[in-house]
Amino acid sequence: MWQTVASDFASMLVRFTYADGTQRLVDVDRQMAARNWFAGNRFDVPIPDETAPLSAVDTVVERPYSAATTAKARILTQARSAEMHYLRSLAYVLVIGLLVLPMIYDLLFFRILRQSFVLWHLGMVGAMTLYTLLQSGLIFELVPDLELGLRWRATAVAFVLALSSAVMVVRGLIEDRFLSRRMSAALIAAALIPVLVKIVSLIGGEALRITVNSWLMASLIPSALIVTTAVAMGLARGSQGARWAALGLSVLIAVGLLRLLVGIGLMDFGFALEDATFPAMVVLAIFTSLGVGDRFLALRHDRDQARTQAVRLGQMANTDGLTGLANRRAFDMVARLKTGQGLLLADIDRFKAVNDEYGHQIGDAVLCRVAAILRDALNEQPGAQVYRLGGEEFAVVADISDGQELMQLADRLRQTVLSIEGPETPVDLPAVTISIGAVLGHGQLMHQAFADADAALYRAKDSGRDRSVLYNAGTVANGYGRLPDARDPA
C-alpha cells in the first residue's frame, strides 16, 4: 500500500516504477481518497501487482493544500496497513469516548450554575471531539460521501475553535481577583487571533493555498505566549484555577514546542508527534473539567453565601433592631388593608414618663416586653403580623372580618399587657397600659386605613387611655388622623 496525508487537492497521478522498467499509473481523485481512508488523516493507494520489485514512486499533485501530501508519503504492506488501521481506529474511539464524558459533565453543571466558562469548556471539548472525528477519518464511517475538501477545511476550523475555546476556558478558570483587566483583554485577543487567521485563509483563495497551515501555526505562537503568561501570573498570585489550567496545558504546550522544533527543522519526530496531539487534548479536557468543577463549587459557595447575606440584609432592613418585630419599612410595604383583614394601632400610655422616671434602658426593656407579649399573644391568630412603627407605637394586621371580633382581639391584647404576662426578665419593670385604635379592611389603601386607626387611637387616648376604640366615620373625627413619629408625646 502507498499511503499519504489526506489533505485537499484537485487531482493526483501516482507513477509506480518497477525494477524491470515497467511503469504503472494510478489516477487518484478526491472520492478515492475518501473511500480508502486510513485512520489518522491518511489514505491508501493500492500498489499494482507486478513480478518485478517496486523501485520508485513518483507523484504529481494538482493544487495541493499541504506540502505533506508528497513529503509524508510512505509504503506499507497490506497486512501492516490493516493492523495499524484497526489499532489506530480503536485509539481514536477511546479518545472520543474520553472527550464525550466531560461534555456530559458540563451540561449537568450548566443546569445548576449558568456560567459562561462552562459553555466555553463545552465548546472546547465539543470542538476537540469534532476535530478527532475529522482528523482520524472516523467521520467517513458516519458520512461516507463527505467531500474531501470540506473535510480538510472543517478539520482546520474545528482545531482553531478548540484552541480558541481553550483560551477562553483558561480565562474563566482564573479567578477575577487574580486576573487584571489588561490580561483578561489579552486572553480574548489570544482567542481571536487564530480565528481571524483562519477566516483570512478561507477567503484568501489561491494566494494562501499552500502556506495556509504555516500561517495558522505561526498565529498560535502569540496566543500561546499570552496564555502561558496569564497562567504563570495566576500561579504566582495563588489562583486555584490557574493550577488546573497549568496541569491541563502542560502536555499540549510540550507537544506544541516539539512540533515547532520539527517545523523549523531542528528535530524530527515523524507521525508519533502528530498522534501526541490527541492525548494532549484528552489531558487538557480532563484537567480543565476538574478545574471547572472546582470553580463551579467555589462560585456556588459564593452565590449561596451572597444569597444568604442578601436574605439576612433584607431581614435586617425589615426588622426592628430592638424588639425583633417587623419595622415601619415592612409595614409600608403592605399596600392595602384587604377585605377580611383588620388593623390595630397600639400605643404605650405615658411612655415618656417611663423614660423620664426609669431611664431609657428600662424604657427599652418595656418596649421589648410589650413586643414579646403582643407577638406571643398573636401566635394562634390567623394571618397576624406585629410591627413596631417607631417609638412606643405598634401595629397589628390580622385576618378578621367582623368588628366585634376585632374589638375582642384588641381588648385581649390590652388586658394581657396590663397583666404583665410575658417572658421573664432579669429586672422588675414598671406596669404599663396600651391604648388601641382599630379599623376593618375593605380594600382601602393602607395609608388611609392607618389614618383611620390613628384617629380611633387618639379617641382612646382622649377617653382616658387604656381603651380600645373601633373606627367609625360617624363617631371619630377625621381631624385625629396623623402619621406616627417617635418624638410624639404619649
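Residue numbers for the sequence shown follow our numbering, beginning at 22 and rising by one. All C-beta atoms, glycine included, are put in the ideal place defined by N, C-alpha and C.
Burial is judged here by how many other beta carbons sit within 10 angstroms of a residue's own beta carbon; I68 has at least 16 and is buried. For E83, no alpha helix (DSSP H) encloses it; the enclosing beta strand (DSSP E) starts and ends at 75-83. The three-state reading of DSSP puts S201 in coil, since its state is none of H, G, I, E or B. For A481, the CB contacts under 7 angstroms within the same chain, skipping 5 residues up- and downstream, are S456, I457, G458, R488, S489, V490 in chain order. If you look at I383, you'll find it in the alpha helix (DSSP H) that goes 381-398. Between the region 29-43 and the region 165-183, the count of C-beta pairs closer than 8 angstroms reaches three or more; the two stretches touch. Scanning the region 159-205 for uninterrupted alpha helix (DSSP H) segments of 4 residues or longer gives 160-163, 169-194, listed from N- to C-terminal end. In this structure, D41 keeps its C-beta atom at 8 angstroms or more from the C-beta atom of A88. DSSP places S157 inside the alpha helix (DSSP H), whose first and last residues are 137-157.
Per DSSP, the continuous beta strand (DSSP E) segment holding D368 begins and ends at 363-369. In terms of Cα proximity to M238, the closest of Q429, L282, M145 is L282.
Secondary-structure assignment with DSSP links Q24 through a beta bridge to D65, R95. Counting C-beta pairs with one atom in each stretch, the region 312-329 and the region 425-437 have fewer than three that are closer than 8 angstroms, which means they do not touch. Secondary structure at R264: helix, using DSSP grouped into helix, strand and coil. For L34, the enclosing beta strand (DSSP E) stretches over residues 32-39. For T309, the number of other beta carbons within 10 angstroms of its own is at least 16, and it is reported as buried. In this chain, the alpha helix (DSSP H) harbouring V438 covers 424-439. About 47 angstroms separates the CB atoms of V332 and V116; that is not less than 8 angstroms, and the two are not in contact. Beta-bridge partners assigned by DSSP to T340: A347.
DSSP places E413 in the coil class of the three-state scheme, outside both helix and strand. Between V114 and T150, the CB-CB gap reaches or exceeds 8 angstroms.
For R45, the enclosing beta strand (DSSP E) starts and ends at 44-49.
Under the DSSP assignment, A459 falls in the beta strand (DSSP E) whose first and last residues are 455-461. Within the DSSP bridge table, the entry for Y408 names A347, A416 as partners.
In this structure, V190 sits near F138, with a CB-CB distance shorter than 8 angstroms.
Put simply, the region 211-227 touches the region 176-189. At least three CB pairs are less than 8 angstroms apart. In the three-state reduction of the DSSP assignment, V355 falls in the coil class.
Residue nearest to A210 within the set L194, L223, T90, A251 is A251 (criterion: CA-CA distance). The C-alpha of L246 lies about 11 angstroms from the C-alpha of S240. In this structure, L311 is the residue among I307, L311, T249, L273 with its C-alpha nearest to the C-alpha of Q261. Excluding the 5 residues flanking it on each side, R264 has same chain C-beta neighbours closer than 7 angstroms at L256, in chain order. In this structure the region 347-354 touches the region 401-408; the number of beta carbon pairs closer than 8 angstroms is three or more. In the three-state reduction of the DSSP assignment, L134 falls in the coil class, being assigned neither a helical nor a strand state.
In the three-state reduction of the DSSP assignment, S102 falls in the helix class. Close CB contacts of P123 within its chain, under the 6 angstroms cut and outside five residues either way in sequence, are with V146, A306, S310 (chain order).
According to DSSP, residue pairing for F59 in a beta bridge involves R63.
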